[in-house]
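**Q**
Number of protein chains: 2
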Amino acid sequence: MEKTATEFTDKQLAIIDAAQKLFAESGFDGTSVRDIAHEAGINVAMISYYFGSKEKLMEAVFEQKANHTRIKVENLLQNENLSPLEKVNVLIDDYVDKFIAQQEFHRIMIREQLIEKNNAVATLIYELKKRNQDSIKKLIHEGQKGGAFKKNIDIVLMMTTLVGTVSQMITSQRFYREMNHLEEMPEPEFQKYIRKKLSAHLKNLFKVILTYEA
Amino acid sequence: MEKTATEFTDKQLAIIDAAQKLFAESGFDGTSVRDIAHEAGINVAMISYYFGSKEKLMEAVFEQKANHTRIKVENLLQNENLSPLEKVNVLIDDYVDKFIAQQEFHRIMIREQLIEKNNAVATLIYELKKRNQDSIKKLIHEGQKGGAFKKNIDIVLMMTTLVGTVSQMITSQRFYREMNHLEEMPEPEFQKYIRKKLSAHLKNLFKVILTYEA
DNA sequence: AATAATCAATCAAACGTTTGTTTAACTTTA
DNA sequence: TAAAGTTAAACAAACGTTTGATTGATTATT
Chain L
35 MEKTATEFTD
45 KQLAIIDAAQ
55 KLFAESGFDG
65 TSVRDIAHEA
75 GINVAMISYY
85 FGSKEKLMEA
95 VFEQKANHTR
105 IKVENLLQNE
115 NLSPLEKVNV
125 LIDDYVDKFI
135 AQQEFHRIMI
145 REQLIEKNNA
155 VATLIYELKK
165 RNQDSIKKLI
175 HEGQKGGAFK
185 KNIDIVLMMT
195 TLVGTVSQMI
205 TSQRFYREMN
215 HLEEMPEPEF
225 QKYIRKKLSA
235 HLKNLFKVIL
245 TYEA
Chain P
35 MEKTATEFTD
45 KQLAIIDAAQ
55 KLFAESGFDG
65 TSVRDIAHEA
75 GINVAMISYY
85 FGSKEKLMEA
95 VFEQKANHTR
105 IKVENLLQNE
115 NLSPLEKVNV
125 LIDDYVDKFI
135 AQQEFHRIMI
145 REQLIEKNNA
155 VATLIYELKK
165 RNQDSIKKLI
175 HEGQKGGAFK
185 KNIDIVLMMT
195 TLVGTVSQMI
205 TSQRFYREMN
215 HLEEMPEPEF
225 QKYIRKKLSA
235 HLKNLFKVIL
245 TYEA
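If you read the protein sequences in the order shown, they are chains L and P. For what it's worth, my numbering labels the leading residue of the first sequence as 35, then goes sequentially. For what it's worth, my numbering labels the leading residue of the second sequence as 35, then goes sequentially.
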C-alpha cells in the first residue's frame, strides 16, 4: 500500500522551501531554526508549532521533495518502439534532468548520505536508492534477455558511476565552469550546457558498460 | 615555491586525528570542540591553545592530511616502459588506493565541497583539485600526441566521473554491501574487494573514453 | 440578531542547554 | 625561576523549544 502523501498548507510549504534552501547551502547543523524562520518570513515558534521539531522539519522536506527523485520506469518497460539501449538513454536523460532541476534537494541528499548514524532520513534515502536500483535492474534484465546487453553487469557499480558523476558535477560545477572558461555564460544557459554534456557523457559510458565485452 | 609544511607535535597530531574522525562522522557543525577534546583525551582549552580556534583546527586537519590526496605523476611521465594507457591505469590504481586508505579525510572533503561560501578550506580544496587536474592533463596530452588517445576529450568531465564514482562508493559502501549480499565479509576484506572492483571498473571506463571514437 | 464560547494562528519573551572561547590558577618542564 | 603546558571554571552568545498572551475568525447559545 502506497503511503498517503501528507498535505501541507501554503504556509507550511513556504517553511519547507526555506528550509530546503538553507539546508542545501549550510547543512542541517549549520542552519538554525531562526535562519529558517527569517528566510520564510515567519515567527520561530511556528516551526515547532507546525512540524514539532527541526528534525521533523527535515523529514517533511524529504516527504515533500523526494518524489522528484524517483526514477519512473513502468511506461518505459511497456514501450515496444524503443530498443533496450534507447530505453536506458531515456532513463539517463530523465535522471539528469531531475537532478539538475532539484539541485538544492540533491545537495541535502549527498550530505545526509555521509551521516553514519541511522535516523529517519537515512531510512528514506535507503528506500529511495533501493527502489531506483530495482527499476534499473528490470530495464537491464530485459535487455539481457533479448541479447542486447552482455550478461555480467554489476548494476550497483554502474549506478554508482551514474549517481556519482552527476553528484560530483553538481558539487563542483563552479570548478567545471572555470576550467572550461565559461565564467561569462549566464547561469540558465550553463545549466542547460552541463545537462547536455552530462547526458551525452553518461550515455556513452553506459553503452560501453552494457554492450562491449570487457 | 612549495609551502613549508608545519610541524605538529604528537599531542597536536592526536587532536588532529580525533578531529578528522569526528568531522568525518558528523560534519564540522555537528561536532563540538568538547567532543573532539574527549575523543583525544585532552582538555577543551588545549584546542584553542594549540590551534587558536575550531576553524583553524579544521585547516590544520587539511594541512596534515591533504598531501595523501595529491596525485603524483612526475615519475610516471618520465617512465618509458609504459604505454599511455598503462600509465593512466597506474594513476587510477594510485587514486583509488589513496581514496580508500584515507576515507575519513575524503568524507570531510566531499562535505566541504558542498559549502557555498568561500573559506580557507574551500581554497585549499580548489587548489588541490586544480593540481590534480593539471597532472592528469599532462598525461592525457602525452597520449594524444603519440596518437594513442583520441583528440576531443573532456578531461574535466572525465575527472568528474573518476572522483564522483569513487566518492559515491565511499558514501554508499554499506548499500553496496547489502545489494551484493556481502554482509558477512570482514571489513578489511570488503575494503580490498571494492578497491579491486572500482579499479577494474574505472580502467574499463577510461579505456573507452580515451580510445574509442564516440 | 446579539452575545458568548471555541478554535487555530501568531507573537515576543523566556527557558534551560550547549556552543566556542577565555581566564586565572596550578603543574610540569627546561 | 621563567616558560610552556594543563586544568576547572566561567563567559557571553547562540541554540532548539516552550510558554502565555493576543488576535481574528468561526461556531454555539441565548
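All residues carry an ideal CB built from backbone N, CA and C; glycine is no exception.
If the cut is a Cβ gap below 7 angstroms, which residues of chain L does residue 148(P) touch?
**A** Position 114 of the second sequence, counting from 1, holds the residue named residue 148(P). 141, 144, 145 and 205, listed in chain order.
**Q** In this structure, does DSSP put residue 183(L) in helix, strand or coil?
**A** Residue 183(L) sits at position 149 when you count from the first residue of the first sequence. Here residue 183(L) sits in coil by DSSP.
**Q** Give a yes or no on whether 7 angstroms exceeds the smallest Cβ distance from residue 249(L) to chain P.
**A** Past the edges of chain L, shown from 35 to 248, lies residue 249(L), and the structure says nothing about it.
**Q** Going by beta carbon distance, what residues of the same chain come within less than 8 angstroms of residue 152(P), once the five residues before and after it are set aside?
**A** If you number the second sequence from 1, residue 152(P) lands on position 118. The answer is none, since no qualifying residue turns up.
**Q** Run down chain L in chain order and give the residues with a C-beta less than 7 angstroms from the C-beta of residue 213(P).
**A** Taking the second sequence and counting its residues from 1, one reaches residue 213(P) at position 179. Residues of chain L passing the Cβ test: 167 and 190.
**Q** How would you list, in chain order, the residues of chain L whose beta-carbon sits under 9 angstroms from the beta-carbon of residue 127(P)?
**A** Translated into the one-based positions of the second sequence, residue 127(P) becomes position 93. Within 9 angstroms Cβ-Cβ: nothing; residue 127(P) doesn't reach chain L, min ~17 angstroms.
**Q** Taking C-beta to C-beta, are residue 181(L) and residue 201(P) nearer than 7 angstroms?
**A** By one-based count along the first sequence, residue 181(L) stands at place 147. By one-based count along the second sequence, residue 201(P) stands at place 167. No, they are not a contact pair.
**Q** Using a Cβ-Cβ cut-off of 8 angstroms (strictly less than) and excluding sequence neighbours within five positions of residue 116(L), which residues of its own chain qualify?
**A** Counting from 1 along the first sequence, the entry for residue 116(L) is found at position 82. The residues are 110 and 124.
**Q** Tell me which same chain residues have a C-beta within less than 7 angstroms of the C-beta of residue 107(P), skipping the five on either side of it?
**A** If you number the second sequence from 1, residue 107(P) lands on position 73. Cβ neighbours of residue 107(P) beyond the five flanking positions: 125, 169, 172 and 173.
**Q** Which residues in chain P have a C-beta closer than 8 angstroms to the C-beta of residue 201(L)? List them in chain order.
**A** As a working note, residue 201(L) is residue 167 in the first sequence. Near residue 201(L) (Cβ distances below 8 angstroms), the residues of chain P are 198, 201 and 202.
**Q** In this structure, how does DSSP classify residue 246(P) when only helix, strand and coil are distinguished?
**A** By one-based count along the second sequence, residue 246(P) stands at place 212. Residue state, collapsed to three classes: coil.
**Q** Could you tell me the distance, in whole angstroms, from the CA atom of residue 68(L) to the CA atom of residue 130(P)?
**A** On the first sequence, residue 68(L) is found 34 positions in, with the first residue counted as 1. On the second sequence, residue 130(P) is found 96 positions in, with the first residue counted as 1. One C-alpha to the other measures close to 42 angstroms.
**Q** Check whether chain P comes within 7 angstroms of residue 242(L), counting only Cβ atoms and requiring the distance to be less than that.
**A** The residue you call residue 242(L) lines up with position 208 of the first sequence. It does; some Cβ of chain P falls within 7 angstroms.
**Q** When we look at the beta-carbon of residue 47(P) and count the other beta-carbons within 10 Å, is it buried (16 or more) or exposed?
**A** By one-based count along the second sequence, residue 47(P) stands at place 13. The residue is exposed, with fewer than 16 neighbouring Cβ atoms inside 10 Å.
**Q** Can you look up residue 124(P) in the DSSP assignment and give me helix, strand or coil?
**A** Locating residue 124(P) in the second sequence gives position 90, counting from the first residue. In this structure, residue 124(P) counts as helix in the three-state DSSP scheme.
**Q** Report the option in 191(L), 113(L) and 210(L) whose CA atom is closest to the CA atom of residue 230(P).
**A** Here residue 230(P) refers to the residue found at position 196 of the second sequence. Ranking 191(L), 113(L) and 210(L) by Cα distance to residue 230(P) puts 191(L) first.
**Q** Note down the Cα distance separating residue 224(L) from residue 194(P), rounded to an integer number of angstroms.
**A** In the first sequence, the residue the question calls residue 224(L) occupies position 190. In the second sequence, the residue the question calls residue 194(P) occupies position 160. Those two C-alpha atoms are separated by around 17 angstroms.
**Q** Of all the CB atoms in chain L, is at least one closer than 7 angstroms to the CB of residue 210(P)?
**A** Locating residue 210(P) in the second sequence gives position 176, counting from the first residue. So, interface residue.
**Q** For residue 210(L), count the other beta carbons within 10 Å of its own beta carbon; 16 or more makes it buried, fewer makes it exposed. Which is it?
**A** For the purposes of this step, residue 210(L) is taken as the residue at position 176 of the first sequence. It is buried - the Cβ of residue 210(L) has at least 16 other Cβ atoms within 10 Å.
**Q** Which class does residue 199(L) belong to by DSSP, given the choice of helix, strand or coil?
**A** Taking the first sequence and counting its residues from 1, one reaches residue 199(L) at position 165. Correct three-state label for residue 199(L): helix.
**Q** I need the DSSP call for residue 169(L), collapsed to helix, strand or coil.
**A** Sequence index remark: in the first sequence, residue 169(L) carries index 135 (1-based). DSSP places residue 169(L) in helix when its eight states are reduced to three.
**Q** With a threshold of 7 angstroms between beta carbons, is residue 195(P) in contact with chain L?
**A** For this step, residue 195(P) is matched to residue 161 along the second sequence. With 7 angstroms as the cut-off, residue 195(P) counts as an interface residue toward chain L.
**Q** Output yes if chain P places a C-beta closer than 7 angstroms to the C-beta of residue 72(L); else output no.
**A** Within the first sequence, the letter at position 38 stands for residue 72(L). No, because no Cβ of chain P sits closer than 7 angstroms to the Cβ of residue 72(L).
**Q** In the DSSP assignment, find the alpha helix (DSSP H) that holds residue 188(L) and state where it starts and stops.
**A** Here residue 188(L) is taken as the residue at index 154 of the first sequence, counted from 1. Taken as a continuous stretch (DSSP letters only), residue 188(L) belongs to no alpha helix (DSSP H), as it is neither H nor E.
**Q** Taking all protein chains shown into account, do 16 or more other C-beta atoms lie within 10 angstroms of the C-beta of residue 104(L), making it buried, or fewer, making it exposed?
**A** Against the first sequence, residue 104(L) aligns to sequence position 70. Label assigned to residue 104(L): exposed.
**Q** Taking 7 angstroms as the CB-CB cut-off, is residue 102(P) touching chain L?
**A** Working through the second sequence from its first residue, we reach residue 102(P) at position 68. Chain L contact via Cβ: absent.
**Q** Between residue 53(P) and the rest of its own chain, which residues show a CB-CB distance below 6 angstroms, the 5 nearest in sequence each way excluded?
**A** The residue labelled residue 53(P) in the question sits at position 19 within the second sequence. Counting only Cβ-Cβ distances below 6 angstroms, and skipping sequence neighbours, we find 70, 91 and 95.
**Q** For residue 114(P), tell me which candidate among 221(P), 176(P) and 154(P) has the shortest Cα-Cα distance.
**A** Mapped onto the second sequence, residue 114(P) falls at position 80. The shortest C-alpha separation from residue 114(P) is found at 176(P).
**Q** Which residues of chain P have a Cβ atom closer than 9 angstroms to the Cβ of residue 271(L), listed in chain order?
**A** A question about residue 271(L) goes unanswered here, because the residues of chain L that appear run from 35 up to 248.
**Q** CB residue 208(L) to CB residue 148(P), shorter than 7 angstroms?
**A** For this step, residue 208(L) is matched to residue 174 along the first sequence. For this step, residue 148(P) is matched to residue 114 along the second sequence. It is not a contact, given that the beta carbons lie outside the stated cut-off.
**Q** Expressed to the nearest angstrom, what Euclidean distance is found between the alpha-carbon atoms of residue 62(L) and residue 42(P)?
**A** As a first step, residue 62(L) is located in the first sequence; it is residue number 28 there, counting from the start. As a first step, residue 42(P) is located in the second sequence; it is residue number 8 there, counting from the start. Rounded to whole angstroms, residue 62(L) to residue 42(P) spans 32 angstroms at the Cα level.
**Q** From which residue to which residue does the alpha helix (DSSP H) around residue 145(L) run?
**A** The residue given as residue 145(L) occupies position 111 in the first sequence. Counting along the chain, the alpha helix (DSSP H) containing residue 145(L) begins and ends at 137 to 147.
**Q** Could you tell me which chain P residues have their CB closer than 9 angstroms to the CB of residue 227(L), listed as they occur along the chain?
**A** Counting from one through the first sequence, the residue named residue 227(L) turns up at place 193. Under the 9 angstroms cutoff, chain P gives no residues; its nearest Cβ is about 12 angstroms from residue 227(L).
**Q** Locate the alpha helix (DSSP H) running through residue 80(L), then write down its first and last residues.
**A** Along the first sequence, read from residue 1 onward, the residue named residue 80(L) stands at position 46. 79 to 85 is the span of the alpha helix (DSSP H), which, as asked, contains residue 80(L).
**Q** How about residue 204(L) and residue 140(L): do their beta carbons lie closer than 7 angstroms?
**A** Here residue 204(L) corresponds to residue number 170 of the first sequence, with the count starting at 1. Here residue 140(L) corresponds to residue number 106 of the first sequence, with the count starting at 1. In contact: residue 204(L) and residue 140(L) (Cβ atoms closer than 7 angstroms).
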